[in-house]
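Peer 1: Chains A and B supply the protein sequences, listed in that same order. The opening position of the first sequence corresponds to residue 5 in our numbering, with each subsequent residue numbered one higher. The opening position of the second sequence corresponds to residue 12 in our numbering, with each subsequent residue numbered one higher. Idealized CB from N, CA, C, for every residue including glycine.
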Amino acid sequence: MAFSTTIRQAYQDELAGLRTAGLFKEERYILGPQGADIEVEFPAGADGRPVINFCANNYLGLSSHPDVVAAARRGLETHGYGLSSVRFICGTQDIHRKLEKRLTEFLETEDTLLFPSCMDANAGCFEAILGEEDVMIADRLVHASIVDGMRLCKAMRDTYKHSDMGHLRDKLIEHQDKRIRMIITDGVFSMDGDLAKLDEIVALAEEYNAMVFLDDSHASGFIGKTGRGTHEHCGVMGKIDVITTTMGKGLGGASGGCVSGRRELVEMCRQRARPYLFSNTVAPMIVAGTLKVLDLVFASTERRDRLEANTSYWRRGLTEMGLDLKQGESPIVPVMLYNAKLAQDMARDLFAEGIYVVGFFFPVVPQGAARIRTQLSAAHTQAHLDKGLAAFRKVAGKYGILGKGKREIMEMYGK
Amino acid sequence: MSHPRTIEVALPDCLEMSADDLNVLSTTLQTIITLMSGGCDGAEAHLQRMHDQRWTVEWGLTWIARARRDGSYEEATGPTKQETLARLGRLTSLHEVEGCP
Numbered sequence: 005m006a007f008s009t010t011i012r013q014a015y016q017d018e019l020a021g022l023r024t025a026g027l028f029k030e031e032r033y034i035l036g037p038q039g040a041d042i043e044v045e046f047p048a049g050a051d052g053r054p055v056i057n058f059c060a061n062n063y064l065g066l067s068s069h070p071d072v073v074a075a076a077r078r079g080l081e082t083h084g085y086g087l088s089s090v091r092f093i094c095g096t097q098d099i100h101r102k103l104e105k106r107l108t109e110f111l112e113t114e115d116t117l118l119f120p121s122c123m124d125a126n127a128g129c130f131e132a133i134l135g136e137e138d139v140m141i142a143d144r145l146v147h148a149s150i151v152d153g154m155r156l157c158k159a160m161r162d163t164y165k166h167s168d169m170g171h172l173r174d175k176l177i178e179h180q181d182k183r184i185r186m187i188i189t190d191g192v193f194s195m196d197g198d199l200a201k202l203d204e205i206v207a208l209a210e211e212y213n214a215m216v217f218l219d220d221s222h223a224s225g226f227i228g229k230t231g232r233g234t235h236e237h238c239g240v241m242g243k244i245d246v247i248t249t250t251m252g253k254g255l256g257g258a259s260g261g262c263v264s265g266r267r268e269l270v271e272m273c274r275q276r277a278r279p280y281l282f283s284n285t286v287a288p289m290i291v292a293g294t295l296k297v298l299d300l301v302f303a304s305t306e307r308r309d310r311l312e313a314n315t316s317y318w319r320r321g322l323t324e325m326g327l328d329l330k331q332g333e334s335p336i337v338p339v340m341l342y343n344a345k346l347a348q349d350m351a352r353d354l355f356a357e358g359i360y361v362v363g364f365f366f367p368v369v370p371q372g373a374a375r376i377r378t379q380l381s382a383a384h385t386q387a388h389l390d391k392g393l394a395a396f397r398k399v400a401g402k403y404g405i406l407g408k409g410k411r412e413i414m415e416m417y418g419k
Numbered sequence: 012m013s014h015p016r017t018i019e020v021a022l023p024d025c026l027e028m029s030a031d032d033l034n035v036l037s038t039t040l041q042t043i044i045t046l047m048s049g050g051c052d053g054a055e056a057h058l059q060r061m062h063d064q065r066w067t068v069e070w071g072l073t074w075i076a077r078a079r080r081d082g083s084y085e086e087a088t089g090p091t092k093q094e095t096l097a098r099l100g101r102l103t104s105l106h107e108v109e110g111c112p
């Protein structure tokens with residue numbers, strides 16, 4: 005038997021090591037649809053506990069919106085459950101192309117190609133459009149899926165220090181001998197919630213003849229005046245060569261992603277991106293639901309405006325009570341705690357208070373930069389926010405960190 | 012032949028050699044042997060098979076450097092030690108942190 009006792013023991017030891025290091029991930033069961041108010045079973049087998057969700061990517065609150073659910077249901081009835089095929093064999097329906105055109109209109113690009121997820125879009129796109137004579141220059145804090153995509157591509161890999169435009173300039177100068185230089189960045193960085201300096205990046209790209217790749221997964225639908233994304237916020241719409249994004253966050257939260265941008269680059273992905281070529285088409289139900297999401301987003305900015313207001317209120321509340329936040333404009337609001345155990349203990353106590361948040365610590369974030377990442381939603385009401393703030397005040401007060409900065413917290417709890 | 016044949020070379024006590032020096036010496040000797048083999052080691056057969064499958068194959072002698080940290084692994088090759096390590100440094104810079112979903 006290949007899976008021998010020795011091999012089993014080796015895996016068991018490795019899993020035990022993850023537990024010992026505090027890196028073992030445990031799922032928490034949500035008993036019902038996603039939303040601001042959810043019931044969570046944790047630990048497994050415990051009674052469901054009603055909590056307010058401050059850790060979902062449900063930025064626009066559309067994950068369980070009745071119009072989206074109804075549209076998805078209609079899509080299920082009119083276009084079936086699945087296609088049992090990849091796109092280019094017999095897996096493309098009218099609604100797939102309709103959604104691609106709608107996303108192109110939304111992002112103000114030239115064309116769009118759907119992928120099963122943005123993880124897949126990022127994993128497949130670089131290999132499809134770049135070769136060994138090219139270079140990819142990525143911000144050091146880009147999403148893990150971009151790192152994986154870059155590793156699959158034969159072009160030279162390089163990085164610049166996070167949001168350091170001087171360092172990016174140096175790298176662009178260093179790589180002038182390459183055929184294509186591609187600058188790669190997230191729009192909103194998921195760890196700190198800060199925005200890419202996209203206007204400066206585009207200026208450097210124009211100066212040094214480079215292309216720009218943007219993953220706007222944590223921005224599409226709500227960043228920018230009409231929610232088109234970071235490129236709208238930074239005033240560079242039409243100047244980004246490749247945009248990848250997800251339908252699994254603000255745009256409905258189900259699944260699916262896309263590559264959008266210059267027509268030829270999208271076509272190269274259609275011809276060569278392996279996650280597109282070798283995985284199933286996006287389910288019709290999700291396509292139909294996402295079309296409804298885009299209708300809602302096109303029709304009104306009311307949800308992104310409410311999200312913006314909620315974010316401001318939340319940031320102000322946490323700051324005024326004396327918590328140490330990462331500064332930013334996005335609905336990702338990290339409460340800095342620096343110590344991993346403190347982050348875990350506070351997240352546990354907040355859960356007991358009916359607030360669902362998650363602590364992040366090394367290696368997910370840098371050593372000594374543990375935090376609780378809170379995420380706002382348009383579905384949060386004033387009452388949700390006030391209850392959340394009251395819980396943070398109580399729990400942070402218990403640990404004596406209100407009004408304390410990095411140095412003081414680290415003196416109290418260590419790195 | 013089921014086992015590779017090896018030779019030993021005596022190094023005088025007066026000769027001080029670092030681990031890097033020994034690595035270079037060993038690799039150099041192996042390179043000479045490889046170049047002397049004239050295809051009797053089966054390398055030409057591998058090459059021919061790839062040519063038959065329409066691969067364009069280039070090969071040469073190179074430096075290699077590998078970096079491991081927890082579950083991460085990166086590998087770089089290059090013409091000099093300095094350039095190889097610089098390449099490896101660029102690759103590992105993508106692993107600053109695991110990052111948030």
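When burial is assigned at 16 or more other CB atoms within 10 Å of the CB, is Lys175/A buried or exposed?
Peer 2: In the first sequence, counting from the first residue as 1, residue 175/A sits at position 171. Counting Cβ neighbours within 10 Å, Lys175/A comes out buried, since at least 16 surround it.
Peer 1: Do the CB positions of Leu218/A and Glu333/A come within less than 8 Å of each other?
Peer 2: Residue numbering aside, residue 218/A sits at position 214 when the first sequence is read from its first letter. Residue numbering aside, residue 333/A sits at position 329 when the first sequence is read from its first letter. It is not a contact, given that the beta carbons lie outside the stated cut-off.
Peer 1: Which chain A residues sit within Cβ distance under 8 Å of Val108/B?
Peer 2: Locating residue 108/B in the second sequence gives position 97, counting from the first residue. Within 8 Å Cβ-Cβ: Leu145, Met195, Phe366, Pro367, Val368, Val369 and Pro370.
Peer 1: Whole angstroms is fine: what's the gap from Pro54/A's alpha carbon to His237/A's?
Peer 2: Numbered from its first residue, the first sequence carries residue 54/A at position 50. Numbered from its first residue, the first sequence carries residue 237/A at position 233. For Pro54/A and His237/A, the distance between alpha carbons rounds to 36 Å.
Peer 1: Taking all protein chains shown into account, do 16 or more other C-beta atoms lie within 10 angstroms of the C-beta of Ala292/A, making it buried, or fewer, making it exposed?
Peer 2: By 1-based counting over the first sequence, the position of residue 292/A is 288. Burial call: buried.
Peer 1: Using a Cβ cut-off of 8 Å, pull out every chain B residue sitting near Met154/A, in sequence order please.
Peer 2: As a first step, residue 154/A is located in the first sequence; it is residue number 150 there, counting from the start. In chain order: Leu105.
Peer 1: Can you confirm whether Arg101/B, when its beta carbon is compared against all beta carbons of chain A, has any partner nearer than 8 Å?
Peer 2: Along the second sequence, read from residue 1 onward, the residue named residue 101/B stands at position 90. At least one chain A Cβ lies under 8 Å of Arg101/B.
Peer 1: Between Ala207/A and chain B, is the shortest Cβ-Cβ distance under 8 Å, so that the two count as touching?
Peer 2: To locate residue 207/A, count along the first sequence from 1; it is residue 203. With 8 Å as the cut-off, Ala207/A does not count as an interface residue toward chain B.
Peer 1: Could you tell me the alpha carbon to alpha carbon distance between Trp318/A and Lys345/A, rounded to whole angstroms?
Peer 2: Reading the first sequence from its first residue, position 314 is the one you call residue 318/A. Reading the first sequence from its first residue, position 341 is the one you call residue 345/A. Approximately 24 Å between the Cα atoms of the pair.
Peer 1: What number of angstroms, rounded off, separates the C-alpha of Ser48/B from the C-alpha of Ile184/A?
Peer 2: Counting from one through the second sequence, the residue named residue 48/B turns up at place 37. Counting from one through the first sequence, the residue named residue 184/A turns up at place 180. C-alpha separation (whole angstroms): 41 Å.
Peer 1: Answer yes or no: do Val263/A and Leu117/A have a C-beta to C-beta separation smaller than 8 Å?
Peer 2: Reading the first sequence from its first residue, position 259 is the one you call residue 263/A. Reading the first sequence from its first residue, position 113 is the one you call residue 117/A. A contact, by the Cβ cut-off of 8 Å.
Peer 1: For chain A, is any of its Cβ atoms less than 8 Å away from the one on Cys111/B?
Peer 2: Start at 1 with the first residue of the second sequence, and residue 111/B comes out as number 100. Output row for Cys111/B: interface = yes.
Peer 1: If you measure from the beta carbon of Pro163/A to each beta carbon in chain B, is any gap under 8 Å?
Peer 2: Your numbering for residue 163/A matches position 159 in the first sequence. Contrary to the premise, residue 163/A reads as Thr rather than Pro in this sequence. Yes, contact with chain B.
Peer 1: Measure the Cβ-Cβ separation of Gly128/A and Ala277/A and say whether it is below 8 Å.
Peer 2: As a position in the first sequence, residue 128/A is number 124, starting the count at 1. As a position in the first sequence, residue 277/A is number 273, starting the count at 1. The answer is yes: Cβ separation under 8 Å.
Peer 1: With DSSP collapsed to three states, give me the class of Ser149/A.
Peer 2: As a first step, residue 149/A is located in the first sequence; it is residue number 145 there, counting from the start. Helix.
Peer 1: Using a Cβ-Cβ cutoff of less than 6 Å, which residues in the same chain neighbour Leu87/A once the five nearest sequence positions on both sides are dropped?
Peer 2: Working through the first sequence from its first residue, we reach residue 87/A at position 83. Within the same chain, Leu87/A has close Cβ partners Gly95 and Thr285.
Peer 1: Do the CB positions of Met338/A and Leu80/A come within less than 8 Å of each other?
Peer 2: Along the first sequence, one-based indexing puts residue 338/A at 334. Along the first sequence, one-based indexing puts residue 80/A at 76. Inspection of the sequence shows that residue 338/A is occupied by Pro rather than by Met. No, they are not a contact pair.
Peer 1: In the region 53–84 of chain B, which residues sit with their C-beta less than 8 Å from some C-beta in chain A, listed in chain order?
Peer 2: Taking 8 Å as the Cβ-Cβ cut-off against chain A, the residues of the region 53–84 of chain B that qualify are Asp81.
Peer 1: Find the nearest neighbour of Thr103/B within the set His57/B, Tyr84/B and Glu19/B, judged by alpha-carbon distance.
Peer 2: The residue given as residue 103/B occupies position 92 in the second sequence. It is Tyr84/B.
Peer 1: For Ile359/A, count neighbouring Cβ atoms within 10 angstroms of its own Cβ and tell me buried if that reaches 16, exposed if not.
Peer 2: The count along the first sequence starts at 1 and reaches residue 359/A at position 355. Ile359/A should be labelled buried.
Peer 1: For Arg3/A, decide whether its Cβ has a neighbour in chain B, counting only Cβ atoms nearer than 8 Å.
Peer 2: Residue 3/A falls outside the range modelled here, since chain A spans only 5 to 419, and no answer is possible.
Peer 1: Which residue from Asp328/A, Arg161/A, Arg12/A and Ile244/A puts its Cα closest to that of Asp196/A?
Peer 2: Taking the first sequence and counting its residues from 1, one reaches residue 196/A at position 192. Comparing Cα positions, the closest option is Asp328/A.
Peer 1: So is Arg77/B buried or exposed if we call it buried at 16+ other beta carbons inside 10 Å?
Peer 2: On the second sequence, residue 77/B is found 66 positions in, with the first residue counted as 1. Counting Cβ neighbours within 10 Å, Arg77/B comes out exposed, since fewer than 16 surround it.
Peer 1: Output, in chain order, the set of chain B residues within a Cβ distance shorter than 7 Å of Ala142/A.
Peer 2: Reading the first sequence from its first residue, position 138 is the one you call residue 142/A. Near Ala142/A (Cβ distances below 7 Å), the residues of chain B are Leu105.
Peer 1: Taking a Cβ distance cut-off of 9 Å, strictly less, list which residues of the region 29–57 of chain A are near chain B, in chain order.
Peer 2: Cβ contacts with chain B come from no residue of the region 29–57 of chain A.
Peer 1: State the Cα-Cα distance for the pair Met12/B and Asp32/B, rounded to the nearest angstrom.
Peer 2: Counted from its first residue, the second sequence places residue 12/B at position 1. Counted from its first residue, the second sequence places residue 32/B at position 21. Below a pLDDT of 50, predicted positions are generally treated as unreliable, and Met12/B, at 49, falls in that range; the measurement from the model is reported next regardless. Using only the alpha carbons, I get a separation of about 31 Å.
Peer 1: Classify Cys129/A as helix, strand or coil using the three-state DSSP reduction.
Peer 2: The residue you call residue 129/A lines up with position 125 of the first sequence. Three-state DSSP puts Cys129/A in a helix.
Peer 1: For Ile150/A, which residues from the same chain have a beta carbon less than 7 Å from its beta carbon, with the 5 sequence-adjacent residues on both sides left out?
Peer 2: Position 146 of the first sequence, counted from the first residue, corresponds to residue 150/A. Closer than 7 Å at Cβ, skipping near neighbours: Asn126, Ala142, Ile188 and Asp219.
Peer 1: If you compare alpha carbons, which of Ser121/A, Pro120/A and Lys105/A is closest to Glu114/A?
Peer 2: The residue labelled residue 114/A in the question sits at position 110 within the first sequence. Minimum Cα distance to Glu114/A is reached at Lys105/A.
Peer 1: Quick check for students: name the residue ranges of the alpha helix (DSSP H) that lie wholly in the region 40–68 of chain B, counting only runs of 4 or more.
Peer 2: With a minimum length of 4 residues, the continuous alpha helix (DSSP H) runs that stay inside the region 40–68 of chain B are 54–63.
Peer 1: Cβ atoms of Gly225/A and Ser67/A: under 8 Å apart, would you say?
Peer 2: Reading the first sequence from its first residue, position 63 is the one you call residue 67/A. Reading the first sequence from its first residue, position 221 is the one you call residue 225/A. Against a cut-off of 8 Å, the Cβ pair of Gly225/A and Ser67/A comes out as no contact.
Peer 1: Can you tell me which of the three DSSP states Gly110/B falls into?
Peer 2: Here residue 110/B is taken as the residue at index 99 of the second sequence, counted from 1. Coil at Gly110/B, not helix or strand.
Peer 1: Checking the sheet assignment: what are the DSSP bridge partners for Glu86/B?
Peer 2: On the second sequence, residue 86/B is found 75 positions in, with the first residue counted as 1. For Glu86/B, which the question treats as bridged, DSSP gives the partners Arg77/B.
Peer 1: Measure the C-alpha to C-alpha separation of Arg375/A and Val361/A and round it to an integer number of angstroms.
Peer 2: Here residue 375/A refers to the residue found at position 371 of the first sequence. Here residue 361/A refers to the residue found at position 357 of the first sequence. The alpha-carbon atoms of Arg375/A and Val361/A are separated by roughly 10 Å.
Peer 1: I'd like to know whether the C-beta of Arg377/A is nearer than 8 Å to at least one C-beta of chain B.
Peer 2: Residue mapping note: residue 377/A aligns to position 373 of the first sequence, counting from 1. For Arg377/A, the answer is yes, since a Cβ of chain B falls inside 8 Å of its Cβ.
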